[in-house]
Structure formats: C-alpha cells, structure tokens
Amino acid sequence: MDTNLKTKSFKFIFWIMIIFLVGDTLDTIYRFVITGYLGEGTTFPGIDSAIKPDTIDLIIFTIVQIGIIYGIYKLYKLKRSGGYWFLGSNIMFLIYASILGPIAEIGITNILTPIILYFCLYIILALGIPRFYSKNFE
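All residue numbers for the sequence shown refer to my numbering, where the first residue is 152 and numbers rise by one.
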C-alpha cells in the first residue's frame, strides 16, 4: 500500500523525458530542414556564419532521424535499448556533420560547448532515467 517516491514519480518523470526528447527532435528537424536546408541557413549561438546543409546532408540527416525517432519509440514502449538508439544516432550524425557535413565548415571546436551540454542532457534523459527506473524498463 505504501509506495515510495521513486515509484510515485515514475509516470511524471517518464512523460517529461518523452516530451523533452520529442520536442528537441522536432526542433532539430525544423532547424535543419526549414531554416537550414530550405532557408538561409541555421546558426549556433556565438557563431556568426550560417550553416547551410546540402542534399547529401539532408539524406543522411533523414536516415539518422529515423534512428532517433525509433529510439524515442522504444523508450515510449519502455525498452531501455531505445536510449542507446537515440544517443547512438545523434553521435553518428555528429561525427558525420563534423567531418564531412555542415559543421566541418565552421569547425566543431567553435560549437563544442553547446554540443557537450546537449549530450549531457541526452545522457541523463535517454540513458539515466531508464537506468534509474530499471524495474520499469526492459
């Protein structure tokens, strides 16, 4: 009858995790496709030059986004492996974008701080929460 705070908080924390991951994914898609590819180009905080992805970048971005969305879906279905899909897909696109893609033009060291902050947040949301609530996730 008496449940602890961890059990009571699961539903709230779970939905916060899903909402943040979906919101960030939708924002990323909007910035990359609408503002970046179809528009004038997208910028990072503190960088004056705009990043304008080309068609190959868009194709690779689309493939990676499928992996990210699949990871969110698996997290929604309470599968711990969804966090690895989400984080792995983001890392794969970061590697591509910094070597061959749009970030290569400005250099990854110029935007390292926001990337580190986002990945810390991703690790907490996509890996930390499923690990903390491990009895709720498969």
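Beta carbons are placed, not taken as given, at the ideal position from N, Cα and C, and that holds for glycine.
Since the model is a prediction, treat every value here as computed from it, not as a measurement.
Helix, strand or coil at residue i [DSSP, three-state]
{"i": "ILE290", "result": "Beyond the ends of the chain as shown, which are 152 and 289, falls residue 290; an answer cannot be given."}
{"i": "THR264", "result": "helix"}
{"i": "THR213", "result": "helix"}
{"i": "THR194", "result": "coil"}
{"i": "PHE270", "result": "helix"}
{"i": "LYS157", "result": "helix"}
{"i": "TYR284", "result": "coil"}
{"i": "LEU251", "result": "coil"}
Cβ shell of residue i (< 8 Å), same chain only, five flanking positions each side left out
{"i": "GLY233", "result": "TYR221, GLY222, ILE223, TYR224, LYS225, LEU226, TYR227, ALA277, PRO281"}
{"i": "ILE167", "result": "none"}
Below-8 Å beta-carbon distance, residue i vs any chain D residue
{"i": "ILE257", "result": "In the structure shown, chain D does not exist; there is a single protein chain."}
Residue i burial status per 10 Å Cβ neighbour count (16 or more: buried)
{"i": "ALA248", "result": "buried"}
{"i": "TYR273", "result": "buried"}
{"i": "LYS162", "result": "exposed"}
{"i": "ILE202", "result": "buried"}
{"i": "THR193", "result": "buried"}
{"i": "ILE254", "result": "buried"}
{"i": "LEU177", "result": "exposed"}
{"i": "GLY252", "result": "buried"}
{"i": "LEU172", "result": "buried"}
{"i": "THR158", "result": "exposed"}
{"i": "THR179", "result": "buried"}
Top-ranked residue by Cα proximity to residue i, from the options
{"i": "ASN241", "options": "ILE266, GLY192, ILE259, ILE169", "result": "ILE266"}
{"i": "GLY239", "options": "ARG182, ILE180, GLN216", "result": "GLN216"}
{"i": "LEU229", "options": "PHE165, GLY252, ILE219, LEU251", "result": "PHE165"}
{"i": "TYR181", "options": "ILE254, CYS271, THR213", "result": "THR213"}
{"i": "ILE207", "options": "SER200, PHE183, GLU191", "result": "PHE183"}
Residues of its chain near residue i, where Cβ-Cβ distance is below 7 Å and the 5 sequence neighbours each way are ignored
{"i": "ILE198", "result": "ILE257, ASN261, ILE262"}
Close beta carbons around residue i, own chain, < 6 Å, minus the five adjacent residues each side
{"i": "TYR188", "result": "PRO204, LEU209"}
{"i": "ILE259", "result": "SER249"}
{"i": "GLY279", "result": "none"}
{"i": "TYR269", "result": "none"}
Rounded Cβ spacing between residue i and residue j (contact assumed at less than 8 Å)
{"i": "ILE134", "j": "PHE237", "result": "There is simply no residue 134 to check, as the chain begins at 152 and stops at 289 in what is shown."}
{"i": "PHE288", "j": "ARG231", "result": "4 Å"}
Cβ-heavy atom distance, residue i to the ligand GDP, below 7 Å
{"i": "PHE183", "result": "This structure lacks the ligand GDP, and indeed carries no ligand of any kind."}
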